[in-house]
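In numbering that gives the first Met the number 0, the protein residues as written are 0 to 270.
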Amino acid sequence: MSEHLDKKRPFVELVELNQKIVFSEKDISTKSWIVGKLHYWWCWIFPSVMFLSVAPPVMLVASLAGRKDWLYPFCHWGAVNWLKWCGAKMKVTGQENLKVAENYVFVANHRSYLDTATMFSYTGRRMGFVAKKELAQVPIVGTLMPYVNILKIDRSNSHKALETMNEIRKVFERGVSIGIFAEGTRAFPNELLPFKKGAFHLALQTQSPIIPVAIKNTDWMMGKKTGVAYKGTIEVILLPPIETKGLTVENDLMDLLKKVREKIAEELNNG
Numbered sequence: 000m001s002e003h004l005d006k007k008r009p010f011v012e013l014v015e016l017n018q019k020i021v022f023s024e025k026d027i028s029t030k031s032w033i034v035g036k037l038h039y040w041w042c043w044i045f046p047s048v049m050f051l052s053v054a055p056p057v058m059l060v061a062s063l064a065g066r067k068d069w070l071y072p073f074c075h076w077g078a079v080n081w082l083k084w085c086g087a088k089m090k091v092t093g094q095e096n097l098k099v100a101e102n103y104v105f106v107a108n109h110r111s112y113l114d115t116a117t118m119f120s121y122t123g124r125r126m127g128f129v130a131k132k133e134l135a136q137v138p139i140v141g142t143l144m145p146y147v148n149i150l151k152i153d154r155s156n157s158h159k160a161l162e163t164m165n166e167i168r169k170v171f172e173r174g175v176s177i178g179i180f181a182e183g184t185r186a187f188p189n190e191l192l193p194f195k196k197g198a199f200h201l202a203l204q205t206q207s208p209i210i211p212v213a214i215k216n217t218d219w220m221m222g223k224k225t226g227v228a229y230k231g232t233i234e235v236i237l238l239p240p241i242e243t244k245g246l247t248v249e250n251d252l253m254d255l256l257k258k259v260r261e262k263i264a265e266e267l268n269n270g
């Protein structure tokens, strides 16, 4: 469906039909493109040098000590500091919706590379992820992924994708919450793409509550294929949990998907 038609269709109908939604554009016309381009390269070059300098010795020590779990605090430190180096301030609301010692499936929108570090570091939970298989090909990052419960998924191969979801279920059952970007890929700025079903299969199969997560401002701070980056405040809204107990994949999956998507879409539509 074209972008033009998306804007013409009623908002409620687009949510109900699980179709792409285009929201009002943020006005960033006062921001310098040159500054944005320079900042974009800063966000990647300096952190990459730091990461490649520190990660190998940390991995070696953890491996020799037989304590691969030592890598998690390092990765958490890296994610928090990468966001700071990118000029991102954080505003997290809704943490009162999380119960102590409760395990959740966090379902979020996805518009930027900044989103993964944000979810990993600022939900208040130890977090595992499903990531694109291409991420596993990045030097060192690909090696670290399984140690911090980030599993690659090949969406072009349904059998391998199912295997990955089974592995992530095992991670979840060990007491690690799972973060899933339900669109399956980054949306362009101001967009919300249709949701895929994997997150909802996981939640229903484990009878675990879902926390809908709306992530704002990362699209103009470092949007998909924009090639620029700007300082700003990332807003993370942890919405009230949606229970799945008593629901089934056969009868309730699409209703659950639409309900979660509606909550996120409403929050994004509020600016």
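We treat Cβ as the ideally placed atom computed from N, Cα and C, and that holds for glycine.
Here the structure is a predicted model, which is why all the values come from computation and not from measurement.
- For the pair Arg173 and Glu166, the Cα-to-Cα distance works out to about 11 Å.
- Unbroken alpha helix (DSSP H) stretches of 4 residues or longer found wholly inside the stretch 182-227: 197-205 and 217-220, given in chain order.
- Within the stretch 120-174, the runs of beta strand (DSSP E) at least 3 residues long that lie entirely inside it are, in chain order, 126-131 and 149-152.
- Residue Ala130 holds the alpha-carbon nearest to the alpha-carbon of Ala181 among Trp32, Gly231, Asn189 and Ala130.
- Contact annotation, Phe194 with Leu143: C-beta distance approximately 28 Å; criterion of less than 8 Å not satisfied.
- A distance below 9 Å separates the beta carbons of Lys215 and Ile236.
- Remark: C-beta atoms of His38 and Lys230 approach each other more closely than 9 Å.
- Residue pairing from DSSP places Ala107 in a beta bridge opposite Phe180 and Val212.
- Around Ala213, the same chain offers Ile236, Ile263, Glu266 and Leu267 as residues with beta carbons nearer than 6 Å, after the five sequence neighbours per side are excluded.
- As computed with DSSP, Leu237 is found in a beta bridge with Val212.
- Val175 and Arg125 do touch by the CB rule: their CB atoms are close to 5 Å apart, below 8 Å.
- Sixteen is the threshold: since fewer than 16 other Cβ atoms of the shown chains lie within 10 Å of the Cβ of Met253, the residue is exposed.
- Counting only residues of its own chain and dropping the five nearest sequence neighbours on each side, Trp81 has a CB closer than 6 Å to the CB of Pro46 and Ala116.
- A distance below 9 Å separates the beta carbons of Ala198 and Ile177.
- About 3 Å separates the CB atoms of Gly127 and Asn148; that is less than 8 Å, so the two are in contact.
- For Ile20, DSSP records a beta bridge to Leu191.
- Selection Lys98, Glu24 and Lys19 evaluated against Asn269 yields Glu24 as nearest (Cα-Cα).
- Lys196 and Thr243 have their C-alpha atoms some 14 Å from each other.
- Around Leu70, the same chain offers Val57, Met58, Ala61, Leu143, Tyr146 and Val147 as residues with beta carbons nearer than 8 Å, after the five sequence neighbours per side are excluded.
- Under the DSSP assignment, Lys88 falls in the beta strand (DSSP E) whose first and last residues are Ala87 to Thr92.
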